[in-house]
Amino acid sequence: MRPRRGPVHQENMVIVGCGHAGARAAQALRTNGWHGGITLVDGEGRTPYERPPLSKAVLKGESEAEDAPLFPADFLAKNDIHVLKGVAAAAIDRPTRQLRLSDGGSIAYHRLLLATGAEPRNLIVPGADLPGSHTLRSADDAARIFPYLRPGAEIVIVGGGLIGLEAAASATVRGCKVTVVEAGPRPMMRAVPAELSHEVRLFHESKDVRFVLGRQVSELEGDGRVRCVRLDDGTVLPCTAVVISVGVSPRTALAEAAGLEIDNGIAVDRFLRTSDPFIYAAGDACAFEQVSGPRMRLECWKNAEDQGTLAGRNMLGSDEAYVPLPWMWSDQFDRTMQIAGQAGGSAEDVRRRCPDSTLLIYHLDKDQMILGISGFGSIREVSRGVRMGQLLMERGIRPGRKALADPEFDLRSLAKAAVA
Ligand SMILES: Cc1cc2nc3c(=O)[nH]c(=O)nc-3n(C[C@H](O)[C@H](O)[C@H](O)COP(=O)(O)OP(=O)(O)OC[C@H]3O[C@@H](n4cnc5c(N)ncnc54)[C@H](O)[C@@H]3O)c2cc1C
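The sequence shown lines up with residues 4 to 423 when you count with the working numbering.
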């Protein structure tokens, strides 16, 4: 192995993946007093960026991927964080604590973080690799899809999850005719309660998005590029391009080849340590131990943000357990959706309809304690309602179903009273 030239430090913290979790870990290492080397191995070869805008502002043509960088322009240089741009991690040599790189080099690590993210799944049907058929995970993917989104273009979105619906909204805003094909009976089935999903669907339909539910794609057909999508009931949907958003798989190959435990992701304990105590994992790639129940893997921005930061601290010996505080959002057209806490498995759901038609749903346990909140509507009302629900939840306040359902009732006064 050829040792890599770079900044000379006694000890080096090495992070594989310069996405959200990797970037936040690097920041946390430096801000929590690590004076040794920090090296980010960035397989993508771009200035590290946020992914959420890709399916929103970037596809709408309102901004570029570079407009949402993960670090301020001078942050890396100022903090002496070394980025190996466009170099992938190829293998981990655990006995010697060396990371082998795609360019033939190698780098020693004091601690290693695997923040390798997730890989979009593709369809396993004939024609899935035809030009014009794309998955959406990276800035390069968004740049490939963007030129197809012209007024009048027929765009088929396969998969009615968060990214599929955001892409559907962005394509519609750009004047495309959009059809969403979803195998389940409703869109966003995994992520949101049925009532909210119904609300989202009606809203998309009011903007002329067409849904084909309960159907699977059997083939993509074309002559040099995709021309139509054939469904399992024989329906043929003509198209200019196809965006496939049927979920992601955690990127575990590097960890697996190194003999680390895998359990629907890189398996970590509550401190985000893998089965090798010198190696940590965070973000979409990792499946973490919970206080009770099976390991859990989350695929959202907040999780990558919190786990990346915590992994950085724990690599320094902080030994703090990860306690997920689930929160996710999605922007579709001029509406936003947020889900905080636990939206499934509630004993009762109480709906609150705001005057501007925003729908908030409070998910309660059998003792009327708030377990979670979901909302879809204006950014102002959703943010306010969800934040208020989080406060009530944190403070253990039970407003009761009447107060929760009444948009005139000031929930803030209850939260304030509990602190006073
Ligand atoms: C289009 C899109 C829209 C989204 N919108 C939302 C949203 O609205 N709300 C929300 O909560 N979440 C959203 N998310 C999810 C959120 O962005 C992800 O959960 C988050 O980016 C995960 O961060 P990560 O660091 O775990 O993985 P990633 O951001 O995927 O970063 C992993 C990085 O590791 C690199 N890598 C992998 N293997 C190697 C290797 N061997 N060597 C070197 N580098 C490697 C990859 O190239 C990648 O750059 C969205 C995601 C996408 C794709």
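C-beta: ideal position from N, C-alpha, C; glycine also.
Worksheet item: Apart from the five residues just before and just after Arg-424, which ones in its own chain have a Cβ nearer than 7 Å to its Cβ?
Response: Past the boundaries of the shown model lies residue 424; the chain is included only from 4 to 423, so the question cannot be answered.
Fill in: Proximal residues to Arg-189 (C-beta, below 6 Å), its chain only, five neighbours per side dropped
Ser-200
Worksheet item: In three-state terms, what does DSSP make of Asp-352?
Response: strand
Item to complete: Report the rounded CA-to-CA distance for Arg-97 versus Cys-179, giving the unit in angstroms.
Response: 51 Å
Worksheet item: Could you check where the alpha helix (DSSP H) with Phe-78 kicks off and where it finishes?
Response: 78–81
Worksheet entry | Complete runs of the alpha helix (DSSP H) confined to the stretch 266–341 [at least 4 residues] | 304–318
Practice prompt. Could you say which of Val-249, Asp-144 and Ala-284 lies nearest to Glu-264 if we only look at CA atoms?
Written response: Ala-284
Worksheet item: Helix or strand or just coil, what does DSSP make of Pro-10?
Response: Note that Pro-10 scores 47 on pLDDT, short of 50, meaning its location in the model is unreliable and no value can be drawn from it.
Fill in: Sub-9 Å separation of Asp-295 and Arg-124 beta-carbons
Sequence inspection shows Ser at residue 295; the Asp mentioned does not correspond to that position. Contact flag unset, no.
Discussion item. Could you tell me the alpha carbon to alpha carbon distance between Gly-22 and Glu-53, rounded to whole angstroms?
Written reply: 7 Å
Worksheet item: In three-state terms, what does DSSP make of Ser-173?
Response: helix
Worksheet item: Of the choices Lys-405, Leu-414, Gly-162 and Arg-338, whose alpha-carbon is the least far from that of Arg-3?
Response: With the chain covering 4 to 423 only, the question about residue 3 has no answer from this structure.
Fill in: Cα-Cα separation between Ala-29 and Gly-227, rounded to whole angstroms
44 Å
Worksheet item: Who does Lys-88 pair with in a DSSP beta bridge?
Response: Asp-45
Worksheet item: For Thr-138, which of helix, strand or coil comes out of DSSP?
Response: strand
Worksheet item: Relative to the alpha-carbon of Gly-286, which residue among Pro-280, Asp-279 and Met-299 has its alpha-carbon at the smallest distance?
Response: Met-299
Practice prompt. Determine the burial state of Leu-275: buried for a count of at least 16 other Cβ atoms within 10 Å of its Cβ, exposed for fewer.
Written response: buried
Item to complete: Can you give me the Cβ contacts of Pro-196 inside the same chain, cut-off strictly under 8 Å, excluding the 5 residues immediately before and after it?
Response: Ala-346, Gly-347, Asp-352, Ile-364, His-366 and Ser-377
Worksheet entry | Supposed close pair Val-212, Ala-171 - CB separation, criterion 8 Å | 5 Å
Fill in: Top-ranked residue by Cα proximity to Ser-105, from Leu-407, Gly-46 and Tyr-112
Gly-46
Worksheet item: Taking 8 Å as the cut-off, does the CB of Asp-287 come closer than this to any heavy atom belonging to ligand 1?
Response: yes
Worksheet item: Helix, strand or coil: how does DSSP classify Glu-185 here?
Response: strand
Worksheet item: Which residue or residues does DSSP assign as beta-bridge partners of Met-391?
Response: Answer by DSSP bridge pairing: none, since Met-391 is not bridged.
Practice prompt. Look up Pro-241 in the DSSP assignment and give the residues it is bridged to.
Written response: Cys-231
Worksheet entry | Check: Lys-305 C-beta below 8 Å from any heavy atom of ligand 1 | yes
Discussion item. The beta strand (DSSP E) that contains His-201, what's its start and end?
Written reply: Looking at the DSSP string, His-201 is not in any beta strand (DSSP E); the run it does join, the alpha helix (DSSP H), is 197–209.
Worksheet item: Say the cut is 8 Å; is the CB of Lys-88 nearer than that to a heavy atom of ligand 1?
Response: no
Worksheet item: Taking all protein chains shown into account, do 16 or more other C-beta atoms lie within 10 angstroms of the C-beta of Arg-383, making it buried, or fewer, making it exposed?
Response: exposed
Discussion item. Between which two residues does the beta strand (DSSP E) holding Val-17 run?
Written reply: 15–19
Worksheet item: Any idea what DSSP makes of Phe-149, helix, strand or coil?
Response: helix
Discussion item. So, with DSSP's three-state summary, where would you put Ile-166?
Written reply: helix
Practice prompt. Pull up the distance between the alpha-carbon of Val-176 and that of Glu-157, whole angstroms please.
Written response: 13 Å
Worksheet entry | Assigned secondary structure, Val-249 (DSSP; H/G/I helix, E/B strand, else coil) | coil
Item to complete: Excluding the 5 residues preceding and the 5 following Gly-162 in the sequence, name in chain order all residues of the same chain whose CB lies nearer than 6 Å to its CB.
Response: Ser-248 and Val-249
Discussion item. Going by DSSP in three states, Lys-180 sits in which element: helix, strand or coil?
Written reply: strand
Discussion item. How far does the alpha helix (DSSP H) with Arg-27 in it extend, from its first residue to its last?
Written reply: 23–34
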